[in-house]
Amino acid sequence: MNEMTSMQHSIEQRLKRLNPLVIRLAEASDNETRLQILNQLEEVKNISTEQPLLKHFLLNCSEEEELIIKSLWILGQGSHIFKGLQELSDPEKALKELLERLKVVERFYDKIGGIIGYHQMVLQLILEKDSISKKQPRIKETYLKPPGYDLTNQTPFVDMAIRKGLENMELFVEIYPVGGAGDRLNLQDEKTGEDLPSAQLIFQKRTLLEGLIRDLQAREYLYFKLFDKQICVPIAMMTSDEKNNFKHVLAICEEHQWFGRAKESYEFFKQPLVPVLTEQGEWIVFEHLNLMFKPGGHGVLWKLLADSGILESFLNKGHSKALIRQINNPIAATDYGLLAFSGCGLQEQHTFGFASCPRLLNTAEGMNVLIERDNKQGYDYCISNIEYPDFVKKNIEDIPEIKGSLYSAFPANTNILFADLLSIQEAIKKCAIPGLLINMKSKVSYQSAEGEKTEAFAGRLESLMQNIADVITNHFSERQKSIQVGQLKTFLTYNTRQKTISVTKKLHAEGSPMVETPEGCYYDVLRNHYDLFHHYCQIEMPSLNSEEDYLKWGPSFITYFHPSLGPLYAVIAQKIRGGRLGMGSEIHLEIAEVDFQQIEVEGSFLLYAENITGHKDFKGVICYSDQIGRCHLKNVKIINKGIDREKTSHYWKGFIHHQECLKIVLRGCSEFIAENVIFKGNLELEVPDGYRMIASMQGDELVFRQEEIGKNSLYWEYTFNDRNKISLLRNA
């Protein structure tokens, strides 16, 4: 018997013993009943002889603590985990701390048998992963390319979806899983050396978390401009204790005064940290009572929402829909993508949806599929997700869409999701923790049961939030030869990859591809900006340089704008019309309302409004209003030395050094106006709150005059026209 076969046999034997026990524990209604079940087992009798200290502790501990300790012994992990307990200076304190962490696991996985059920599920998945002869599933599944709504071009259908998404924003909440460790980013506090979570990554001068909030505020501001109504979409964040994630996320929010939103509009809930096991099914122990814990995957999101009462609270307040996006995909809100996606979910009253795009062939990306299940009583259909490690297990070939294509026949799962919360409540009853899996590709150094330092492949039970769709099905009595997306509870949208997903998962290594790095994501941001400014706004500008030159010298142009400028490209194109951006030049627009016509930039132009989308009330909460900074430029040339490329690196971080620039700062409710003007050299202008600054040329001399605003000279009126397109009309 070889080593692999021996390991499989060992796991099979353990599962044979654990499976009936897990069923009994899962059916038990309380800890007293569970303890009665465990106390019948021989293994728990060894605790007092092996660990006298534990025997004393068990006399005075709670039922739950007793249940956990005995569970570990039944799993064969007790001797290893509690080894050296008596050597600790304060063993009871150390024991209590460990038990507090394990209580979270016991409670969360109670429906599958608590800690014992968790362990059993990991063993089962290890066996399935390593088993040579896979068992045939009880229900035959076929995987097909899913039908979907095409968002690649702004067709009349897409315009209607955008409108539907905007008109119904009050129904929505947004959910952000932000608890990821971001290990491959290697983020550390420069002062303390403390490891930091991915939410702390600085991208374009701001944390990834702030980027999510700004994207949402841009859509809220667009809603305000169209309907003259304040809206504050509730936000729920799933954090964790990994790398003090919750503490850091909270600190970001507090440091930014909750981003000008009411503190009460935020909800937080923590995903549990779960034990890590080796591929032999042993728990990782570093030293005395020090176990390895990692976040248990984002599939725990739905159960946590329900258990915490947040889901019920949202529904009681009239919020029946949710938009879910991950923190490491900054481009998810590009142009109309999220609004049209939301609108598609509403138009046909879908229950769950995926925002998809082309998937790169032979990459470790999940794919969206149409699942057809032959259940002997008919056929069930749903659109769902299959992760890359399961392709072989499910006999899915990763073939190109067409011969020679770089893209797969199946679209990419991006984890941009739509959910009907009432339907999610029902789905949780069928599948509380969807998409269970293990990933054993990382090696971990730890202390073996014999006390020796060793190394092994290890992983924990993970889960996938998107696979809640597996239980949201449509039943047909006969097999469907072709099925339309409108016939299904689940749905999918197809958009361009460039506007849908580009992630910041890992640091870039020299000579390696930029995919999944901040450098690669920023490159995709600039590709989108080229599309916007060149094709929509009709600005003459250099093409984005090659990836090689971009990494070596930096981008051939830099553009940045606050998402409230649009966020729809068709809206921005009505505010910015024509002009030129020189090679290596930069435009930075931290403002929502501009009217630019034929501006030429040879160097750097930085425009900042203090009030971008409105004013703040006495609590510091942004009230969307017309008390904002505005700028009107027509036939203007800006010439200066621009970026100092010798001092600037990591352009994606957004910290740009300048030799010279034109910088305009608009305080409070103020305006800047310039027509037929040339700005040369280094110049910084600041307009006070309540004032308008007008620049003009007197001969060759640039002059400025300042006046009280009185009446706003630049005001865009937003309306839907009879073709459902957003139309802007300037009222002077």
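Under our numbering, the letters of the sequence shown match residues 788 to 1519, in that order. Glycine included, each C-beta is placed from N, C-alpha and C at the ideal position.
- In terms of CA proximity to asparagine 1032, Lys1081 leads the group Lys1081, Glu1051 and Ile1018.
- The C-beta of alanine 1151 has fewer than 16 other C-beta atoms within 10 Å across all chains shown, which makes the residue exposed.
- Residue pairing by DSSP places leucine 1060 opposite Pro1082 in a beta bridge.
- Residue burial annotation: asparagine 1254 is buried, with at least 16 other C-beta atoms found within 10 angstroms of its C-beta.
- Beta-carbon to beta-carbon, asparagine 1282 and threonine 939 are separated by about 6 Å, close enough to satisfy the 8 Å threshold.
- The region 1135-1148 makes no contact with the region 955-966; the number of CB pairs closer than 8 Å stays below 3.
- CA-CA distance, lysine 1217 to lysine 898, rounds to 11 Å.
- Leucine 872 and glycine 1238 have their C-alpha atoms spaced approximately 13 Å apart.
- Closest in C-alpha terms to valine 891, from the list Ser1232, Glu1327, His1322 and Gly1083, comes Gly1083.
- Listed in chain order, the beta strand (DSSP E) runs fully inside the region 1261-1301 are 1261-1263 and 1277-1281, counting runs of at least 3 residues.
- DSSP, read as helix, strand or coil, puts cysteine 1144 in strand.
- In the pairwise beta carbon analysis, the region 1118-1134 is classified as touching the region 1285-1298: at least three pairs are separated by under 8 Å.
- Under the three-state reduction of DSSP output, phenylalanine 1392 falls in the strand class.
- Excluding five sequence positions before and after proline 1198, the CB atoms of its chain that fall closer than 6 Å to its own CB belong to Ser1143, Arg1146 and Asn1155, given in chain order.
- For asparagine 1202, there is no enclosing alpha helix (DSSP H), as DSSP marks it with neither H nor E.
- Rounded to whole angstroms, the gap between the alpha carbons of arginine 950 and alanine 1023 is 25 Å.
- Between the alpha carbons of glutamate 1471 and leucine 1515 lies a distance of about 30 Å.
- Checking the DSSP bridge columns, you'll see glycine 1401 partnered with Tyr1411.
- Using a 10 angstroms sphere on the CB of arginine 1112, the tally of other CB atoms reaches 16 or more, which defines it as buried.
- The beta-carbon distance between isoleucine 1399 and isoleucine 1415, rounded to whole angstroms, is 6 Å. This is short enough to meet the 8 Å contact definition.
- Here histidine 1402 is not near alanine 1461, since their CB atoms are 9 Å or more apart.
- Taking the CA atoms as reference points, asparagine 1332 sits about 56 Å from glutamate 799.
- Closest in alpha carbon position to aspartate 976, among Asn1508, Ala968 and Gln987, is Gln987.
- Cβ neighbours of glycine 998 within its own chain (closer than 6 Å, five residues either side excluded): Pro1117.
- Residue pairing by DSSP places proline 964 opposite Met1025 in a beta bridge.
- Rounded to the nearest angstrom, the Cβ distance from isoleucine 913 to serine 858 is 19 Å, too far for a contact under 8 Å.
- For threonine 1506, same chain residues with a beta-carbon under 6 Å away, outside a window of 5 residues either side, are Ser1514 in chain order.
- With a threshold of 16 other beta carbon atoms within 10 Å, cysteine 1040 meets it and is buried.
- Annotation for serine 1514: the continuous beta strand (DSSP E) segment containing it runs 1513-1518.
- For the region 1170-1216, the continuous beta strand (DSSP E) assignments of 3+ residues that do not extend past its boundaries occur at 1204-1207, in sequence order.
- Counting C-beta pairs with one atom in each stretch, the region 1155-1170 and the region 1290-1304 have fewer than three that are closer than 8 Å, which means they do not touch.
- Looking from the CA of glutamine 1267, the closest CA among Asp1404, Glu887, Glu874 and Leu931 belongs to Leu931.
- The beta strand (DSSP E) runs of length 3 or more contained entirely in the region 945-1016 are, from start to end of the chain, 959-964.
- Scanning its chain for C-beta atoms nearer than 6 Å, with the 5 sequence neighbours on each side dropped, one finds around histidine 1085 the residues Pro964 and Met1252, in chain order.
- Here the alpha carbons of valine 1381 and cysteine 1324 stand approximately 13 Å from one another.
- Taking all protein chains shown into account, threonine 1346 has 16 or more neighbouring C-beta atoms within 10 Å of its C-beta and is therefore buried.
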